[in-house]
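By the count of this note's numbering, the sequence shown reaches residue 275 at its end, each step adding exactly one.
Heads up, the beta-carbon is just placed ideally off N, CA and C, and yes, glycines get one too.
Have a look at the structure below, then the notes.
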Amino acid sequence: MKAGLLGWVCGFALVLGVLPAHARQLNLINESFAPYLRGGYQVSNLKKSSFAESSGTGNEFSGDLPFIANYEFGFVWAIKEVSLRFGFEVIRPRAEKGILATNASGTELFTVDTDVSGYVPRLGVDINIKQWPSARIFLNASYGMANVTVQNSYGFTAAGQAAYSLANFREEVKGSAALQEYALGWEYNAFDTTTIVLDAGYRYLKLDGLSHNVDVTNFQGAVTKGSSALNNTGGNRALDLSGYFASLHLRFWL
22 MKAGLLGWVC GFALVLGVLP AHARQLNLIN ESFAPYLRGG YQVSNLKKSS FAESSGTGNE
82 FSGDLPFIAN YEFGFVWAIK EVSLRFGFEV IRPRAEKGIL ATNASGTELF TVDTDVSGYV
142 PRLGVDINIK QWPSARIFLN ASYGMANVTV QNSYGFTAAG QAAYSLANFR EEVKGSAALQ
202 EYALGWEYNA FDTTTIVLDA GYRYLKLDGL SHNVDVTNFQ GAVTKGSSAL NNTGGNRALD
262 LSGYFASLHL RFWL
């Protein structure tokens with residue numbers, strides 16, 4: 022997925038680079054079309070849920086996933102007081118390696134490397150609250166369908182092997198759910214026909230069911246590809262990638 026995404030982004034940048042350059046006065050009231058790039062940072066509810074709830078009961082873990090980075094590209098189509106936004110977003114919490122699991126007595130049992138990633142085709146609408154030729158304030162509502170993958174790799178100590186009768190293993194689980202996002206934004210003319218957008222708000226993304234993407238023997242026993250991923254209590258695994266966010270866009274008005 023990374024190679025394909027890199028190709029799309031490079032092609033996107035190439036198109037922008039070969040467009041004819043000419044000086045003109047930007048007027049946001051009259052502009053209608055702009056490709057854009059966006060990067061955001063989010064406080065996450067994910068924490069330890071990508072691994073802890075399915076890695077044995079009563080264990081303590083040395084790390085978690087407190088933040089999520091978001092990267093997006095697409096285009097904006099503006100119609101008077103409303104702008105439609107069509108985009109493709111990549112969700113990337115920072116991968117954490119070597120998270121140590123200990124039991125109640127402090128014995129080291131295993132380490133886990135956890136990596137969460139996802140992508141979201143999405144559609145949004147900006148409703149202008151106030152607009153000037155070189156700036157505007159808007160409310161945004163966006164919707165998309167997120168596809169998320171979790172990869173966990175476990176390395177056991179001798180004590181961990183004795184406790185769980187497991188060899189080192191790697192599991193991969195995936196799921197999909199609707200993304201909803203709401204924000205307040207400010208767009209202003211930075212230079213030539215390029216604008217900068219700053220926005221902040223809240224995004225809701227909860228996955229209530231995940232499935233295994235590979236055959237593996239894990240803490241829940243032998244599982245097969247396509248079967249439901251379960252937690253320590255036998256219920257379905259869940260992920261909460263909701264949280265407050267802030268982001269910055271570059272829009273290139275044509």
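When burial is assigned at 16 or more other CB atoms within 10 Å of the CB, is residue i buried or exposed?
i    : result
S53  : exposed
A34  : Any reading at A34 needs caution, since the residue's pLDDT is 49, under 50, leaving its predicted position unreliable; the model's value is listed next. The residue is exposed, with fewer than 16 neighbouring Cβ atoms inside 10 Å.
A42  : For A42, the predicted model reports a pLDDT of 49, less than 50, meaning its position is unreliable; a value from the coordinates is still stated below. A42 is exposed by the Cβ-count criterion.
F212 : exposed
Y140 : buried
Taking residue i as the reference, give the member of the options with the closest Cα.
i    : options                : result
E102 : K151, A183, T170, L228 : K151
H233 : K227, G242, Y225       : G242
G119 : S83, N210, L275        : S83
F109 : L269, Y223, L58        : L58
P87  : S104, A116, G60, V111  : A116
K195 : V169, E202, T215       : V169
E202 : P56, P142, P114        : P142
Start and end of the alpha helix (DSSP H) containing residue i?
i    : result
G181 : 179-185
Between which two residues does the beta strand (DSSP E) carrying residue i extend?
i    : result
A243 : 242-244
I89  : 86-100
P114 : 103-114
V235 : That residue, V235, is in no beta strand (DSSP E); it is neither H nor E in DSSP.
Q63  : 54-68
P142 : 129-153
Looking only at its own chain, which residues have a Cβ that is under 6 Å from the Cβ of residue i, when we skip the five neighbours before and after it?
i    : result
G264 : Q63, V64, S65, N66
S174 : D134, R191
D220 : A204, G206, S268
Taking 7 Å as the limit between beta carbons, can you name the residues of its chain near residue i, skipping five residues before and five after?
i    : result
D261 : N66, L67, S70, K227
F107 : G95, F96, L144
N48  : P154
Y209 : S155, A156, T216, I217
N239 : F190, E192
Short of 8 Å in beta carbon distance, which residues of its chain neighbour residue i, apart from the five on each side in sequence? Order them along the chain.
i    : result
L130 : G77, N80, A122, T123, N124, F177, T178, A180, G181, A184, Y185
If we define contact as Cβ-Cβ less than 8 Å, is residue i a contact residue for chain D?
i    : result
S126 : The chain inventory of the structure shown lacks chain D, comprising one protein chain alone.
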